[in-house]
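If you read the protein sequences in the order shown, they are chains A and B.
Take the working numbering: the final residue in the first sequence is number 642, and no numbers are missing along the way.
Take the working numbering: the final residue in the second sequence is number 642, and no numbers are missing along the way.
Okay, structure first, notes after.
Protein chains: 2
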Amino acid sequence: MAAQQKSGRDVRLATEILKQRFGDRLLTGESIREQHAHTTTYLPNQPPDSVIYAENAEDVSWIVSVCAEHGCPVIPFGAGSSLEGQLNAPEGGVSIDMSGMNQVVEVHPEDLTVTVQPGITRKALNVQLRDTGLFFPIDPGADASIGGMASTRASGTNAVRYGTMKDNVLSLRAVMADGREIRTSTRAKKSAAGYDLTRLLVGAEGSLGVITELTLKLHGAPETIVGGLCNFPTVTDACNAAIQTIQYGIPVARIELLDEVQIKACNAYSKLSLAERPTVFVEFHGTEASTTEQSALFGEIIADCNGTDFQWTANEKKRQQLWQARHDAYWAAKSLRPGAEALVTDACVPISRLADCVEETSADIRENGLLAPIVGHVGDGNFHTSVLIDLNDKHELAQAKAFSERLSERAIGMGGTCTGEHGVGQGKQAYLDSELGDAVDFMRTIKQALDPANIMNPGKIFS
Amino acid sequence: MAAQQKSGRDVRLATEILKQRFGDRLLTGESIREQHAHTTTYLPNQPPDSVIYAENAEDVSWIVSVCAEHGCPVIPFGAGSSLEGQLNAPEGGVSIDMSGMNQVVEVHPEDLTVTVQPGITRKALNVQLRDTGLFFPIDPGADASIGGMASTRASGTNAVRYGTMKDNVLSLRAVMADGREIRTSTRAKKSAAGYDLTRLLVGAEGSLGVITELTLKLHGAPETIVGGLCNFPTVTDACNAAIQTIQYGIPVARIELLDEVQIKACNAYSKLSLAERPTVFVEFHGTEASTTEQSALFGEIIADCNGTDFQWTANEKKRQQLWQARHDAYWAAKSLRPGAEALVTDACVPISRLADCVEETSADIRENGLLAPIVGHVGDGNFHTSVLIDLNDKHELAQAKAFSERLSERAIGMGGTCTGEHGVGQGKQAYLDSELGDAVDFMRTIKQALDPANIMNPGKIFS
Numbered sequence: 180m181a182a183q184q185k186s187g188r189d190v191r192l193a194t195e196i197l198k199q200r201f202g203d204r205l206l207t208g209e210s211i212r213e214q215h216a217h218t219t220t221y222l223p224n225q226p227p228d229s230v231i232y233a234e235n236a237e238d239v240s241w242i243v244s245v246c247a248e249h250g251c252p253v254i255p256f257g258a259g260s261s262l263e264g265q266l267n268a269p270e271g272g273v274s275i276d277m278s279g280m281n282q283v284v285e286v287h288p289e290d291l292t293v294t295v296q297p298g299i300t301r302k303a304l305n306v307q308l309r310d311t312g313l314f315f316p317i318d319p320g321a322d323a324s325i326g327g328m329a330s331t332r333a334s335g336t337n338a339v340r341y342g343t344m345k346d347n348v349l350s351l352r353a354v355m356a357d358g359r360e361i362r363t364s365t366r367a368k369k370s371a372a373g374y375d376l377t378r379l380l381v382g383a384e385g386s387l388g389v390i391t392e393l394t395l396k397l398h399g400a401p402e403t404i405v406g407g408l409c410n411f412p413t414v415t416d417a418c419n420a421a422i423q424t425i426q427y428g429i430p431v432a433r434i435e436l437l438d439e440v441q442i443k444a445c446n447a448y449s450k451l452s453l454a455e456r457p458t459v460f461v462e463f464h465g466t467e468a469s470t471t472e473q474s475a476l477f478g479e480i481i482a483d484c485n486g487t488d489f490q491w492t493a494n495e496k497k498r499q500q501l502w503q504a505r506h507d508a509y510w511a512a513k514s515l516r517p518g519a520e521a522l523v524t525d526a527c528v529p530i531s532r533l534a535d536c537v538e539e540t541s542a543d544i545r546e547n548g549l550l551a552p553i554v555g556h557v558g559d560g561n562f563h564t565s566v567l568i569d570l571n572d573k574h575e576l577a578q579a580k581a582f583s584e585r586l587s588e589r590a591i592g593m594g595g596t597c598t599g600e601h602g603v604g605q606g607k608q609a610y611l612d613s614e615l616g617d618a619v620d621f622m623r624t625i626k627q628a629l630d631p632a633n634i635m636n637p638g639k640i641f642s
Numbered sequence: 180m181a182a183q184q185k186s187g188r189d190v191r192l193a194t195e196i197l198k199q200r201f202g203d204r205l206l207t208g209e210s211i212r213e214q215h216a217h218t219t220t221y222l223p224n225q226p227p228d229s230v231i232y233a234e235n236a237e238d239v240s241w242i243v244s245v246c247a248e249h250g251c252p253v254i255p256f257g258a259g260s261s262l263e264g265q266l267n268a269p270e271g272g273v274s275i276d277m278s279g280m281n282q283v284v285e286v287h288p289e290d291l292t293v294t295v296q297p298g299i300t301r302k303a304l305n306v307q308l309r310d311t312g313l314f315f316p317i318d319p320g321a322d323a324s325i326g327g328m329a330s331t332r333a334s335g336t337n338a339v340r341y342g343t344m345k346d347n348v349l350s351l352r353a354v355m356a357d358g359r360e361i362r363t364s365t366r367a368k369k370s371a372a373g374y375d376l377t378r379l380l381v382g383a384e385g386s387l388g389v390i391t392e393l394t395l396k397l398h399g400a401p402e403t404i405v406g407g408l409c410n411f412p413t414v415t416d417a418c419n420a421a422i423q424t425i426q427y428g429i430p431v432a433r434i435e436l437l438d439e440v441q442i443k444a445c446n447a448y449s450k451l452s453l454a455e456r457p458t459v460f461v462e463f464h465g466t467e468a469s470t471t472e473q474s475a476l477f478g479e480i481i482a483d484c485n486g487t488d489f490q491w492t493a494n495e496k497k498r499q500q501l502w503q504a505r506h507d508a509y510w511a512a513k514s515l516r517p518g519a520e521a522l523v524t525d526a527c528v529p530i531s532r533l534a535d536c537v538e539e540t541s542a543d544i545r546e547n548g549l550l551a552p553i554v555g556h557v558g559d560g561n562f563h564t565s566v567l568i569d570l571n572d573k574h575e576l577a578q579a580k581a582f583s584e585r586l587s588e589r590a591i592g593m594g595g596t597c598t599g600e601h602g603v604g605q606g607k608q609a610y611l612d613s614e615l616g617d618a619v620d621f622m623r624t625i626k627q628a629l630d631p632a633n634i635m636n637p638g639k640i641f642s
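Structure (structure tokens):
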């Protein structure tokens with residue numbers, strides 16, 4: 180079937196037809212194509228045949244219709260910050276750059292909703308929302324596009340309190356594989372009207388449709404934000420503090436772990452002088468009274484978990500200073516070894532297994548002599564390691580892949596997942612069957628039914 | 180296609196084969212069959228050909244495999260409290276009674292999760308959780324089964340704070356149309372591992388698979404619960420109080436509207452002496468300090484919305500007394516007209532349009548001389564009317580259906596949905612296209628792909 184589909188692809192003809200309509204908005208230069216396959220990872224760059232800058236849903240619909248007719252792959256591109264090769268074009272095709280579709284369509288502050296085009300980034304959205312007293316909380320670190328965040332089911336630091344993209348997309352519009360644009364739901368806060376196509380498209384990584392508009396839930400900007408950090412003798416102690424915080428029901432807004440290697444990297448990169456020990460960064464949102472109460476409770480928990488040097492503040496500037504190491508963590512990690520690429524893992528386990536999983540992973544890193552700082556959204560049981568490798572060294576790459584495999588299997592063995600928030604893309608396909616077994620067959624059936632010619636971001640999630 | 184499928188059904192043969200395995204657990208008596216199609220609505224009773232009491236997932240898998248071979252419809256039955264004909268068997272077939280699969284499989288208090296069989300009811304589950312300090316918050320009113328609640332994407336009074344079934348099912352097991360049981364996800368709190376089959380099955384009304392196990396999120400039982408009620412001169416004022424409560428960001432746990440007709444019914448049914456005016460019932464969950472703060476803020480809002488007689492208490496017994504009218508609302512409504520059946524509507528609109536929608540609906544009821552008390556989960560923009568009708572009077576039925584149609588179209592016209600929490604079943608099919616247009620085609624495509632012989636609860640959602 181796959182071979183038949185591939186032989187049915189006429190990318191060249193599709194590109195010619197598209198060129199007639201889009202003219203200068205269709206680009207085929209090597210650097211622009213490579214940039215649109217940019218994976219920010221160890222995965223090889225597989226550029227599309229062309230890049231089109233879409234201006235509206237009609238463009239997208241037109242592109243997909245032409246591609247459907249000629250079996251040409253379609254890869255939607257937002258901000259290029261995905262981590263599992265979601266933007267690569269292993270079978271060629273056209274990358275639709277959505278960055279020009281970056282408008283706020285309508286804000287309904289009275290309903291706590293906003294409707295946006297997919298190319299808007301989360302930071303740009305929050306700048307535009309500033310006057311409403313509302314904000315969109317999902318923060319995956321990178322200034323990702325909202326459409327891309329939905330497509331990978333992103334979450335990040337605030338998810339422990341506000342949920343993930345799955346919880347914050349109310350409705351969306353998408354161009355499906357036959358070129359038709361659908362709207363998956365209404366603006367009602369809840370609905371029992373048929374299958375949840377919203378949640379089916381969130382996390383589908385562009386493999387079922389191209390998202391062209393999203394209606395998001397907004398939240399009241401907190402009256403008071405208190406941020407802080409504290410140190411622990413071991414990652415296990417740090418994880419236990421996070422576990423107790425969640426089990427105690429403290430509505431922490433962010434709770435992040437950086438291990439001693441990551442802190443060392445941050446000190447060097449951000450010119451800080453933090454104690455080079457496992458460190459937990461926290462943030463509380465609420466009223467003055469409730470954030471004070473939460474900070475005090477958290478203080479008791481960390482004392483119980485051998486935590487020391489708890490510093491916290493409600494002053495925004497000081498808070499940003501305290502949190503700077505966390506904000507710079509990704510680039511700091513990469514700077515530990517200039518020229519190296521990072522293989523970023525994404526295990527997520529039930530919170531009760533977090534300390535075990537981090538501890539075993541830490542031991543694995545040490546035993547195998549890897550350079551791999553750990554950063555965790557520990558309130559959700561989710562943590563990343565960035566294994567820094569020289570891509571030209573096959574042995575290093577193989578070693579990093581073997582580590583990633585052990586970590587994925589470790590997380591799955593503890594009742595968790597190989598990917599908490601980065602998605603499957605190309606990088607995690609090997610573990611999906613092991614994690615979900617026969618369920619993957621039914622995912623494939625859905626894919627085949629909704630995209631019979633396999634043109635929507637082929638080769639992602641499964642291949 | 181549909182005709183071909185129907186002609187491919189051999190229900191009699193399937194039933195004979197099933198009888199050989201299940202013996203006394205397969206029943207064909209008229210009353211038991213009618214009871215399993217019980218719709219608690221105006222919809223005609225369409226009994227299945229047989230009822231099988233399942234004891235485990237292997238039973239379900241075996242039944243579905245046999246039914247798949249012979250094109251025999253399979254209708255999962257939980258507690259029989261659905262409201263849109265989800266349990267009817269318009270094409271005959273076998274009803275799988277899941278009420279015997281009612282065990283708690285495992286509680287993980289340290290992860291705030293519980294794994295249960297689908298037949299357990301929400302009340303029974305919460306009794307079993309009592310010692311853990313945790314609870315499962317979703318409360319649709321009836322003591323529904325957890326499997327049924329997932330299948331209809333139920334929500335109810337607590338949803339304004341805790342979300343709906345969509346938000347509280349972490350993972351599930353289901354027997355798919357080929358008889359295979361799958362597990363949709365892990366116990367990790369979040370995941371980006373492929374398509375969200377959990378959310379696809381939640382709300383699918385048994386039309387894609389039979390749910391055989393669910394892992395649910397639990398919440399800490401609140402330290403303090405404060406409950407209260409107050410009166411308003413008009414439903415518009417009452418709605419405005421709810422709207423402001425949400426917009427102000429008060430984390431109200433329940434906020435319910437009963438109109439004056441419903442209060443009158445409750446006074447008669449529950450022997451109360453409430454002022455016969457639109458009334459809002461509220462509940463706050465939190466610490467003593469936070470619930471006091473929330474109640475005080477709510478007091479300010481209702482003063483602003485012409486509310487009077489705000490009574491509230493943290494004493495559990497008194498709270499139950501204050502809330503009694505709300506708890507008895509369904510039966511009180513039916514007792515307004517003994518012998519009558521209720522056509523229950525389920526509109527849900529963006530909160531900013533709630534007052535408009537309730538006001539116009541109230542006027543519609545008055546102008547058409549209907550007897551139709553209004554009860555609303557107003558914090559979510561969701562409200563029900565129970566149109567009481569004599570089913571033998573065709574004129575009354577037609578009038579009620581016309582009202583329901585106007586209300587559905589009114590809600591859709593305001594950016595809302597014809598069904599906030601009851602599902603589509605048989606009763607709401609007419610409005611689904613109007614609400615979601617082409618998206619329904621893709622739902623059908625998924626249905627056809629996952630259930631090619633159309634055996635899983637056929638004739639529901641779409642037909």
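No residue lacks a Cβ here, since even glycine has one placed at the ideal position from N, Cα and C.
Exercise. Under 9 Å between the Cβ atoms of Val295(B) and Ile325(B)?
Worked result: Cβ atoms of Val295(B) and Ile325(B): closer than 9 Å.
Exercise. Does any CB atom of chain A fall closer than 9 Å to the CB of Cys527(B)?
Worked result: Interface with chain A (9 Å Cβ-Cβ cutoff): Cys527(B) is included.
Problem set entry | beta strand (DSSP E) runs wholly inside the segment 386 to 447 of chain B, at least 3 long, in chain order | With a minimum length of 3 residues, the continuous beta strand (DSSP E) runs that stay inside the segment 386 to 447 of chain B are 388 to 396, 403 to 410 and 433 to 437.
Problem set entry | Which of helix, strand or coil DSSP assigns to Thr218(B) | Annotated three-state conformation of Thr218(B) is coil, per DSSP.
Problem set entry | Residue interval of the beta strand (DSSP E) (run including Thr596(A)) | It is not in any beta strand (DSSP E) - Thr596(A) carries neither H nor E in the DSSP assignment.
Problem set entry | His563(A), buried or exposed, once every other Cβ within 10 Å from all chains shown has been counted against 16 | If you draw a 10 Å sphere on the C-beta of His563(A), you find 16 or more other C-beta atoms in it, and that means buried.
Exercise. Taking DSSP as the reference, what is the three-state secondary structure of Arg352(A)?
Worked result: Residue state, collapsed to three classes: strand.
Exercise. Quick one: Cα of Lys580(B) to Cα of Gly638(A), how far?
Worked result: Taken atom to atom, the span from the alpha-carbon of Lys580(B) to that of Gly638(A) is near 49 Å.
Exercise. Where does the unbroken beta strand (DSSP E) through Arg545(B) begin, and where does it stop?
Worked result: Element bounds for Arg545(B): not the beta strand (DSSP E) but the alpha helix (DSSP H), Leu533 to Glu546.
For this session: Anything in the segment 348 to 371 of chain A with a Cβ closer than 7 Å to a Cβ of chain B? List those residues in chain order, please.
Result: Listed by position, the residues of the segment 348 to 371 of chain A near chain B (Cβ gap below 7 Å) are Met355, Arg359, Ile361, Arg362, Thr363, Thr365, Arg366, Ala367, Lys368, Lys369, Ser370 and Ala371.
Exercise. Taking C-alpha atoms, which residue in Pro319(B), Gly250(B) and Gly602(B) lies nearest to Ala508(B)?
Worked result: For the residues Pro319(B), Gly250(B) and Gly602(B), the minimum Cα distance to Ala508(B) belongs to Pro319(B).
Exercise. With distances taken between CB atoms, is the gap from Lys345(A) to Asp322(A) smaller than 9 Å?
Worked result: No, the Cβ-Cβ distance between Lys345(A) and Asp322(A) is not below 9 Å.
Exercise. Taking the DSSP output, what are the residues bridged to Thr564(A)?
Worked result: Note: Thr564(A) sits in a beta bridge opposite Ile553(A).
Exercise. For Ile544(B), which residues from the same chain have a beta carbon less than 6 Å from its beta carbon, with the 5 sequence-adjacent residues on both sides left out?
Worked result: Beyond the five residues adjoining it in sequence on each side, Ile544(B) comes within less than 6 Å, by CB distance, of Ala551 in the same chain, given in chain order.
For this session: Just grab the DSSP bridge partners of Tyr341(B) for me.
Result: Its beta-bridge partners do not exist; DSSP assigns none.
Exercise. What residues from the segment 550 to 575 of chain B come within 7 Å of chain A, judged by C-beta to C-beta, listed N to C?
Worked result: Cβ contacts with chain A: Asp559, Gly560 and Asn561.
Problem set entry | Where the beta strand (DSSP E) containing His464(B) begins and where it ends | Counting along the chain, the beta strand (DSSP E) containing His464(B) begins and ends at Thr458 to Gly465.
Exercise. Using a C-beta cutoff of 9 Å, does Thr194(A) count as contacting chain B?
Worked result: So, not an interface residue.
Problem set entry | Minimum C-alpha distance to Val405(A) - residue among Ser469(A), His398(A) and Val389(A) | Closest by alpha carbon: Ser469(A).
Problem set entry | Pro288(B), DSSP secondary structure in three states | It is helical.
Exercise. Of all the residues that make up the segment 607 to 627 of chain A, which are near chain B by a beta-carbon distance shorter than 9 Å?
Worked result: The segment 607 to 627 of chain A vs chain B, Cβ under 9 Å: Lys607, Tyr610, Leu611, Glu614, Leu615, Gly616, Asp617, Ala618, Val619, Asp620, Phe621, Met622, Thr624, Ile625, Lys626 and Gln627.
Problem set entry | Beta-bridge partners of Ala233(A), as assigned by DSSP | None; Ala233(A) has no bridge partner.
For this session: Kindly indicate if chain B contains any beta-carbon less than 9 Å away from that of Val283(A).
Result: So no, Val283(A) is outside the interface.
For this session: Please decide whether Phe641(B) counts as near chain A, where near means a Cβ-Cβ distance under 9 Å.
Result: So yes, Phe641(B) belongs to the interface.
Exercise. Nearest chain B C-beta to Lys345(A) closer than 9 Å, yes or no?
Worked result: By this cut-off, Lys345(A) is an interface position.
Exercise. Using the beta-carbon of each residue, which ones in chain A are nearer than 7 Å to Arg332(B)?
Worked result: For Arg332(B), the chain A residues whose Cβ falls inside 7 Å of its Cβ are Ala371, in order along the chain.
For this session: Consider the Cβ of Gln426(A): report whether some Cβ of chain B lies at a distance smaller than 9 Å.
Result: Chain B has a Cβ within less than 9 Å of the Cβ of Gln426(A).
For this session: May I ask which residues mark the beginning and end of the alpha helix (DSSP H) holding Ile634(A)?
Result: Boundaries for Ile634(A): no alpha helix (DSSP H) harbours it, and the DSSP string shows neither H nor E there.
Exercise. Where does Leu266(A) fall in DSSP's three states?
Worked result: Correct three-state label for Leu266(A): coil.
Exercise. Using a beta-carbon distance below 9 Å, is Val245(B) in contact with chain A?
Worked result: No - not a single Cβ of chain A is within 9 Å of the one on Val245(B).
Problem set entry | Residue-chain proximity (Tyr374(B), chain A), Cβ-Cβ < 9 Å | Output row for Tyr374(B): interface = yes.
For this session: Counting only the same chain and skipping the five closest in sequence on each side, list residues whose C-beta sits under 8 Å from that of Ala356(B).
Result: If we look at Ala356(B) and ignore the five residues flanking it on each side, its Cβ neighbours are Val243, Ala247, Leu387, Gly388, Leu629, Asp630, Pro631, Ala632, Ile634 and Met635.
For this session: Count the CB pairs spanning the segment 475 to 494 of chain B and the segment 413 to 421 of chain B that are closer than 8 Å, and state whether there are at least three.
Result: Yes: at least three Cβ pairs fall under 8 Å.
For this session: Could you pull the start and end residues of the alpha helix (DSSP H) that Glu495(B) belongs to?
Result: It spans Glu495 to His506 - the alpha helix (DSSP H) in which Glu495(B) sits, taken as one unbroken run.
Problem set entry | Neighbour-count burial assignment, Trp510(A), 16 or more Cβ in a 10 Å radius | Flag for Trp510(A) reads exposed.
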